[in-house]
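Chemist: Before anything else, here's the structure in question.
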Amino acid sequence: MNLAEAVRERLAHVYDPELGASIVELGMVRAVAVDDRDVTVTIALTTSGCPLRTQIERDVREAAASLDGVRGVRLVLDVMSPDEKRSTMMAARAVAQRRAPSTSLAPTTPVLAIASGKGGVGKSSVTANLATALAMTGLTVGVLDADVWGFSLTRLLDIDGDVEAVGGKMQPLVRPVGPGEIRLLSMGLLADDDQALLWRGLVVQKAVAQFIEDADWSGVDYLLIDTPPGTGDIAMTLARLVPTMGQLIVTTPNRAAQRVAARAADFARKSNIRVLGVIENMSAFTCSCGERHAIFGDGGGEELAAQLCVPLLASIPLHGDVAHGGDTGRPVVTREDGDGIFTELASRIIDQVAPLKGDVGCSARMLDAIARAVETGESGATPTGIGD
37 MNLAEAVRER
47 LAHVYDPELG
57 ASIVELGMVR
67 AVAVDDRDVT
77 VTIALTTSGC
87 PLRTQIERDV
97 REAAASLDGV
107 RGVRLVLDVM
117 SPDEKRSTMM
127 AARAVAQRRA
137 PSTSLAPTTP
147 VLAIASGKGG
157 VGKSSVTANL
167 ATALAMTGLT
177 VGVLDADVWG
187 FSLTRLLDID
197 GDVEAVGGKM
207 QPLVRPVGPG
217 EIRLLSMGLL
227 ADDDQALLWR
237 GLVVQKAVAQ
247 FIEDADWSGV
257 DYLLIDTPPG
267 TGDIAMTLAR
277 LVPTMGQLIV
287 TTPNRAAQRV
297 AARAADFARK
307 SNIRVLGVIE
317 NMSAFTCSCG
327 ERHAIFGDGG
337 GEELAAQLCV
347 PLLASIPLHG
357 DVAHGGDTGR
367 PVVTREDGDG
377 IFTELASRII
387 DQVAPLKGDV
397 GCSARMLDAI
407 ARAVETGESG
417 ATPTGIGD
């Protein structure tokens, strides 16, 4: 190994104190040049006014000077281009995700973040109804209300009580739903419903981290995460803690909401999170006379799905029963006279978007089909996909 290679190897142990990754891995080391025994290292900072510039400069000098054969160290500091900065941030997120802490979630459990770029599009009502629809099929559905400042799922799901810890893990509160159940954790279970939380970024990040790391999510078939609007601290914390997470983008039909929702999808992809599909909420209202009214516009969900190259999973019509169900803690999907849109959405999630793994995969379903055929006496029936 020549001296330049040895310097690079030593610099791989110098970490950006803010991004928490090696400056070599982040692409911050532009060049290492050696003239006799004098070393020149070119470092690219994310910004010229980097507050950690002095620390990085000191650490680089010390790392290079510690090598035998190095007589002097000269540093050249430069600033990254926008493209380089984007690459560095993507590398930092990838490193953080590789170092994601262990949790009680099974590695095969689908985790779905319900997200949008703005508030008021109905993410929480979609989360409550989708969780209920999934539970009605006999599944155990975990629900994390990650909207720390604007929590609402305790009311939407009519779940209340004290959160207890067993073995150092917070226990989600359980509500049976038909043959399944919902397990909920929310700030609404820890704070008064009308109490404002005056928390800043680091405190909020820690709270969300505790809901993931210090909670017992073992045994859930799905985990749904209701996220706050935007792409700030909470979204970035979830991306780091749950790198296997997929994202469902919620938008209303109007173009303004659609454009803002596209930012949430852009954040997801830059954070190595899969965008699984679009849900259009508050679609056209159909009155009792049968006439259709596109109160919030038309086509935004379909256009966003096409833009992102993902499926439009559901167009949920604007209906007063959705709001009434939220106010009473009885999601509209539980009503026998519901239009079935959330039931259809849950079926698409299970069958196409995020199929369950393990014992409820394809083989198990084929065996179930055989068992049903035997029970009904259809001895000649062959379930789809079996035979030949």
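Offset between the sequence shown (1-based) and our numbering: plus 36.
Don't be surprised by glycine CBs; every beta carbon is placed ideally from N, CA and C.
1. Comparing C-alpha positions only, which one of His49, Val60, Gly63 and Val70 sits nearest to alanine 40?
2. Go to aspartate 237, then tell me how far its alpha helix (DSSP H) extends in each direction, as first and last residue.
3. Could you spell out the range, first to last residue, of the beta strand (DSSP E) harbouring valine 286?
4. What first and last residue would you give for the beta strand (DSSP E) that runs through alanine 271?
5. Tell me which same chain residues have a C-beta within less than 6 Å of the C-beta of aspartate 334, skipping the five on either side of it?
6. Are the CB atoms of alanine 167 and phenylalanine 247 within a distance shorter than 8 Å?
7. Starting from valine 65, trace the beta strand (DSSP E) in both directions and tell me its first and last residue.
8. For aspartate 114, list the residues DSSP reports as bridge partners.
9. When the Cβ atoms of the segment 297-312 are set against those of the segment 342-356, are three or more pairs found closer than 8 Å?
10. Secondary structure at aspartate 434, three-state DSSP: helix, strand or coil?
11. Considering only C-alpha positions, which residue in the set Ser102, Phe321, Pro212 and Val210 is nearest to glycine 356?
12. Can you tell which of Ala227, Leu392 and Ser383 has its C-alpha closest to the C-alpha of valine 199?
13. Closer than 8 Å is the cut-off here; do at least three beta carbon pairs connect the segment 229-238 with the segment 150-166?
14. Output the distance between the C-alpha atoms of arginine 89 and leucine 81, rounded to the nearest integer angstrom.
15. Within 10 Å of its beta-carbon, does glycine 158 have 16 or more other beta-carbons around it, so buried, or fewer, so exposed?
16. Under a Cβ-count criterion, where at least 16 other Cβ atoms within 10 Å of its own Cβ denotes burial, should glutamine 388 be classed as buried or exposed?
17. What does the alpha-carbon distance come out to for the pair aspartate 262 and leucine 340?
18. Measure the CB-CB distance between leucine 55 and valine 96 and report whether it falls below 8 Å.
19. Spatial neighbours of valine 296 within its chain, please: C-beta separation below 7 Å, excluding the five flanking residues on both sides.
20. For the 8 Å Cβ check, are there 3 or more pairs between the segment 60-67 and the segment 114-132?
21. Would a C-beta distance cut-off of 8 Å place asparagine 308 and arginine 129 closer than the cut-off?
22. Helix, strand or coil for serine 319 per DSSP?
23. Using the Cβ count rule (16 or more neighbours within 10 Å means buried), how would you classify asparagine 38?
24. Between the segment 98-110 and the segment 135-148, do three or more beta carbon pairs fall short of 8 Å?
25. CA-CA distance, valine 240 and threonine 273?
26. So, at 7 Å on beta carbons, what are the nonlocal neighbours of leucine 175 in its own chain, with the 5 sequence-adjacent residues on each side left out?
27. Arginine 366 lies in the alpha helix (DSSP H); which residues open and close that run?
28. Would you call serine 102 buried or exposed, if buried means 16 or more other Cβ atoms sit within 10 Å of its Cβ?
29. Can you find the residues in the same chain that come closer than 6 Å, C-beta to C-beta, to valine 112, ignoring five residues on each side of it along the sequence?
30. Is it a yes or a no for the segment 276-290 touching the segment 193-208, going by three-plus beta-carbon pairs under 8 Å?
31. Just to confirm the assignment, what range does the alpha helix (DSSP H) spanning alanine 227 have?
32. Checking the sheet assignment: what are the DSSP bridge partners for leucine 220?
33. Suppose you measure from the CA of glycine 85 to the CA of aspartate 114; what does that come to, to the nearest Å?
34. When the Cα atoms are used, what is the spatial distance from proline 367 to alanine 382?
35. Mind checking whether the beta-carbon of valine 286 lies closer than 7 Å to any heavy atom of the ligand PLP?
36. What span of residues does the beta strand (DSSP E) with valine 202 cover, start to end?
Modeler: In short, the structure shows the following:
1. Val70
2. According to the sequence as given, residue 237 is glycine; it is not aspartate. Here the alpha helix (DSSP H) through glycine 237 covers 237-249.
3. 282-287
4. Counting along the chain, alanine 271 falls outside any beta strand (DSSP E), though it belongs to the alpha helix (DSSP H) covering 269-277.
5. Pro289
6. no
7. 65-71
8. Ala80
9. yes
10. In the structure as shown, the chain starts at 37 and stops at 424, and residue 434 therefore has no counterpart that could be examined.
11. Phe321
12. Ala227
13. no
14. 8 Å
15. buried
16. exposed
17. 20 Å
18. no
19. Gly153 and Lys154
20. yes
21. yes
22. strand
23. exposed
24. no
25. 9 Å
26. Gly216, Asp257 and Tyr258
27. Run containing arginine 366: none; DSSP gives neither H nor E here.
28. exposed
29. Thr78
30. no
31. From DSSP, alanine 227 is part of no alpha helix (DSSP H); its letter is neither H nor E.
32. Val179 and Leu209
33. 11 Å
34. 14 Å
35. Ligands are entirely absent from the displayed structure, and the ligand PLP is therefore not among its contents.
36. 200-202
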